[in-house]
Amino acid sequence: MPRPPMPRRTMPLRLRAALLLLAMTLALGLWVHVAGTPGFDAPLSRVLAPLRATPGLWQAASFAGDWQVRLAIGGGAAASLAARGRRAAALVLLTTAAAQTLATSGLKLLYARPRPTMFDHLDRITDLSFPSGHAAQNACLWLLIALLLDRRLLALGGPLILMIGVSRVVLGVHWPSDVLGGWLFGAACALIGADVARRLPDMRKDRP
Numbered sequence: 167m168p169r170p171p172m173p174r175r176t177m178p179l180r181l182r183a184a185l186l187l188l189a190m191t192l193a194l195g196l197w198v199h200v201a202g203t204p205g206f207d208a209p210l211s212r213v214l215a216p217l218r219a220t221p222g223l224w225q226a227a228s229f230a231g232d233w234q235v236r237l238a239i240g241g242g243a244a245a246s247l248a249a250r251g252r253r254a255a256a257l258v259l260l261t262t263a264a265a266q267t268l269a270t271s272g273l274k275l276l277y278a279r280p281r282p283t284m285f286d287h288l289d290r291i292t293d294l295s296f297p298s299g300h301a302a303q304n305a306c307l308w309l310l311i312a313l314l315l316d317r318r319l320l321a322l323g324g325p326l327i328l329m330i331g332v333s334r335v336v337l338g339v340h341w342p343s344d345v346l347g348g349w350l351f352g353a354a355c356a357l358i359g360a361d362v363a364r365r366l367p368d369m370r371k372d373r374p
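What follows is the structure in structure tokens.
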């Protein structure tokens with residue numbers, strides 16, 4: 167008697183979306199590396215230039231995305247997961263955030279894009295430009311927290327991700343394409359982390 171055919175396994179939608187976002191990040195990085203600054207960068211930077219009249223606001227927005235704040239938020243989210251008995255998910259959260267930060271640094275070295283000089287820098291810079299670390303790290307952290315804890319948290323995280331990304335352009339330390347690349351890469355990493363966490367036993371429990 168012939169055996170029934172094995173069910174066909176398909177890649178989860180979340181993982182397919184992550185790979186698409188990752189491919190878009192790499193393609194955008196290749197564009198800026200080979201062809202130079204995209205045509206939309208300078209016009210968008212000029213559109214945002216009037217916001218430089220209130221630098222304190224945008225420096226505060228940028229600080230909201232600094233490592234100290236991310237560490238506190240990520241640590242709190244991991245502690246909340248662990249308190250609910252989801253220690254493996256907490257570990258995935260911390261590991262994904264750390265791996266994404268290291269990978270972003272690697273992409274900066276790979277594409278070696280200089281910082282923009284269109285406007286004076288209103289914030290301190292220490293490395294290269296593409297992709298924006300602030301944009302990538304905060305997109306990854308907030309999206310992953312929402313996916314692992316409560317999707318309603320995106321009501322807070324979404325506007326913060328946007329404000330932090332815009333602040334980097336307003337402060338003159340990134341091109342818009344740097345921020346776009348950071349958002350794409352951070353979201354890709356968050357989706358990969360969420361897919362890993364979904365396969366863990368403690369993530370199969372009902373979530374609040």
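Start counting the sequence shown at 167; every next residue gets the next number (the numbering used here). Note that the Cβ used here is the ideal one computed from N, Cα and C, for glycine as well.
Original post:
Given a threshold of 16 other Cβ atoms within 10 Å of its Cβ, counted over all protein chains shown, does Pro-282 qualify as buried or as exposed?
Top reply: Buried, by the Cβ-count rule.
Original post:
If you drop the 5 nearest sequence neighbours on each side, which residues of the same chain put their C-beta closer than 8 Å to that of Pro-280?
Top reply: Take Pro-280, set aside five residues on each side of it, and the residues of its chain with a beta-carbon closer than 8 Å to its own are Leu-294, Ser-295, in chain order.
Original post:
If we ignore side chains and look at the alpha-carbon of each, how far apart do Arg-252 and Pro-209 end up?
Top reply: One C-alpha to the other measures close to 46 Å.
Subject >> Rounded C-alpha distance that separates Asp-372 from Trp-349 >> reply: Because the pLDDT at Asp-372 is just 42, under 50, the model does not fix this residue reliably, and the value given afterwards should be weighed accordingly. Distance between the alpha carbons of Asp-372 and Trp-349: 29 Å.
**OP:** Kindly list the residues whose CB is nearer than 6 Å to the CB of Ala-256, restricted to its own chain and excluding five residues on each side of it in sequence; keep chain order.
**Re:** Here the set comprises Ala-244, Leu-247, Ala-248.
**OP:** Specify the secondary structure class of Ile-327 as computed by DSSP and reduced to three states.
**Re:** Here DSSP, grouped into helix, strand and coil, assigns Ile-327 to helix.
Original post:
For Arg-370, is the classification buried or exposed, using 16 other Cβ atoms within 10 angstroms of its Cβ as the cut-off for buried?
Top reply: Annotation note: pLDDT 48 at Arg-370 (below 50); position unreliable, no value reported.
Subject >> the stretch 323-335 touching the stretch 188-199, judged by at least three CB pairs closer than 8 Å >> reply: These segments do not touch.
Original post:
Which residue's Cα is closest to the Cα of Ser-228: Val-362, Leu-310, Asp-289, Ser-343?
Top reply: Each of Val-362, Leu-310, Asp-289, Ser-343 was checked against the Cα of Ser-228, and the nearest Cα belongs to Asp-289.
Original post:
Hey, Tyr-277 and Gly-195: beta-carbon distance below 9 Å or not?
Top reply: A contact, by the Cβ cut-off of 9 Å.
Original post:
What's the call for Ser-211, buried or exposed, on a 16-neighbour Cβ count within 10 Å?
Top reply: Buried, by the Cβ-count rule.
Original post:
Hey, how far is the Cα of Lys-274 from the Cα of Ala-215?
Top reply: One alpha carbon belongs to Lys-274, the other to Ala-215, and they sit about 25 Å apart.
**OP:** From the DSSP output, in three-state form, read off Ile-239 for me.
**Re:** DSSP places Ile-239 in helix when its eight states are reduced to three.
Subject >> C-alpha gap between Pro-342 and Thr-261, whole angstroms >> reply: Each residue's CA atom was taken as its position, placing Pro-342 and Thr-261 some 28 Å apart.
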